[in-house]
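In the numbering used here, the protein residues as written are 1091 to 1358.
Single-structure report; data block below.
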Ligand SMILES: [Zn+2]
């Protein structure tokens, strides 16, 4: 009888823990000693867990839970929040050696992910996409950081269903000629993107450089490793970042504070 109930409680204990591979997106303080860690699981789901004692000096757990690291995490089901019981760095998972510029870029990507991902909603492409983007930030030169970030934002919003119309009118589908040097195209954030002259009369639009839309389209369809071959300059990348900021803030419904920092920091 004793053995049986022990077996039962052992199984219950097993059912209450689970292991995930995840990317650390955000850390918030909880009380004096603990952290709430927000993570993007490999399934694309948002997972939150309490790392108890992680704010004590010299905590090994805290060192592994640095922002943007990819970690293998064991969690125990809790009544409100799950509890992080073990953390190991995944192979090539350490991204905590970022400099200021890389961290500023990664923060914008992390803020978007924290906004578009949800607990219990599987979006499996997001994890690999982000992991490759963070790897590109670590490996490529500083002249590519803004381009990598712009690409990540365009790819992430497109992958979660908010892809802007870039090459054709969002209302009537007429192709938009982006090859005219110096051309400006009406763009409606609320209606879905690039807009032809005739439909622009019925949509709330602002003007965007045609080149910015062409770059956004190029970034959407270029692998991170190939971004340097686009020979896109930082100013063009910031054009796309600025457009994406308006786009994200409208469609995701939150202010992208980390992007404000990106524009105002003077790092680029
Ligand atoms: Zn139209």
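Where a beta carbon is used, it is the ideal one built from N, C-alpha and C, also for glycine.
* **Beta-carbon spacing of residue 1270, residue 1284 below 9 Å** => no
* Quick one: residues in its chain with C-beta nearer than 6 Å to the C-beta of residue 1167, no 5 flanking neighbours on either side, listed in chain order? => 1106
* Asked: Between which two residues does the beta strand (DSSP E) harbouring residue 1108 extend?
  -> It spans 1107–1120 - the beta strand (DSSP E) in which residue 1108 sits, taken as one unbroken run.
* Asked: Which one or two residues does DSSP pair with residue 1165 in a beta bridge?
  -> 1108 and 1174
* Determine the closest residue to residue 1178 out of 1256, 1128 and 1153, with distance taken between C-alpha atoms. => 1153
* Asked: Which of the three DSSP states, helix, strand or coil, is assigned to residue 1229?
  -> Of the three classes helix, strand and coil, the one that applies to residue 1229 here is helix, per DSSP.
* Measure the CB-CB distance between residue 1337 and residue 1250 and report whether it falls below 9 Å. => No, the Cβ-Cβ distance between residue 1337 and residue 1250 is not below 9 Å.
* If you draw a straight line from the C-alpha of residue 1172 to the C-alpha of residue 1165, how long is it? -> Taking the straight line joining both Cα atoms gives about 6 Å.
* Which value, in whole angstroms, describes the spacing of the CA atoms of residue 1219 and residue 1300? -> 27 Å
* To do: Mind checking which residues open and close the alpha helix (DSSP H) that includes residue 1190?
  => 1190–1206
* To do: Give a yes or no on whether the C-beta atoms belonging to residue 1163 and residue 1148 are separated by under 9 Å.
  => no
* **Integer Cβ distance of residue 1201 from residue 1135, believed to fall under 8 Å** => Not a contact, Cβ separation roughly 17 Å.
* Rank 1169, 1247 and 1190 by C-alpha distance to the C-alpha of residue 1213 and give the top, closest one. => 1247
* **Burial state of residue 1340 (16 or more Cβ within 10 Å)** => Result: exposed.
* With a Cβ-Cβ cutoff of 9 Å, do residue 1224 and residue 1158 count as a contact? -> yes
* Proximal residues to residue 1355 (C-beta, below 7 Å), its chain only, five neighbours per side dropped -> 1194
* Test item: CB-CB of residue 1124 and residue 1144 under 9 Å -> yes
* Asked: What residue does the alpha helix (DSSP H) around residue 1308 start on, and which one ends it?
  -> 1300–1310
* Asked: Roughly how many angstroms lie between the CA atoms of residue 1126 and residue 1156, to the nearest whole one?
  -> 12 Å
* In chain order, which continuous runs of the alpha helix (DSSP H) of length 4 or greater are located wholly inside the region 1252–1338? -> 1287–1290 and 1300–1310
* Distance, Cα to Cα, residue 1303 vs residue 1211? -> Cα-Cα distance, rounded: 30 Å.
* To do: Report the three-state DSSP secondary structure of residue 1344 (helix, strand or coil).
  => In the structure shown, residue 1344 sits in coil (DSSP, three-state: anything other than H, G, I, E or B).
* Round the Cβ separation of residue 1191 and residue 1331 to the nearest angstrom and send it over; I've been treating them as touching at under 8 Å. => Not really, about 13 Å apart at Cβ, beyond 8 Å.
* Asked: Are the CB atoms of residue 1221 and residue 1113 nearer to each other than 9 Å?
  -> yes
* Asked: Is DSSP giving residue 1243 helix, strand or coil here?
  -> DSSP places residue 1243 in helix when its eight states are reduced to three.
* Three-state secondary structure (DSSP) at residue 1179? -> strand
* To do: Taking only the alpha-carbon atoms, compute the straight-line gap between residue 1183 and residue 1116 and give it to the nearest angstrom.
  => 16 Å
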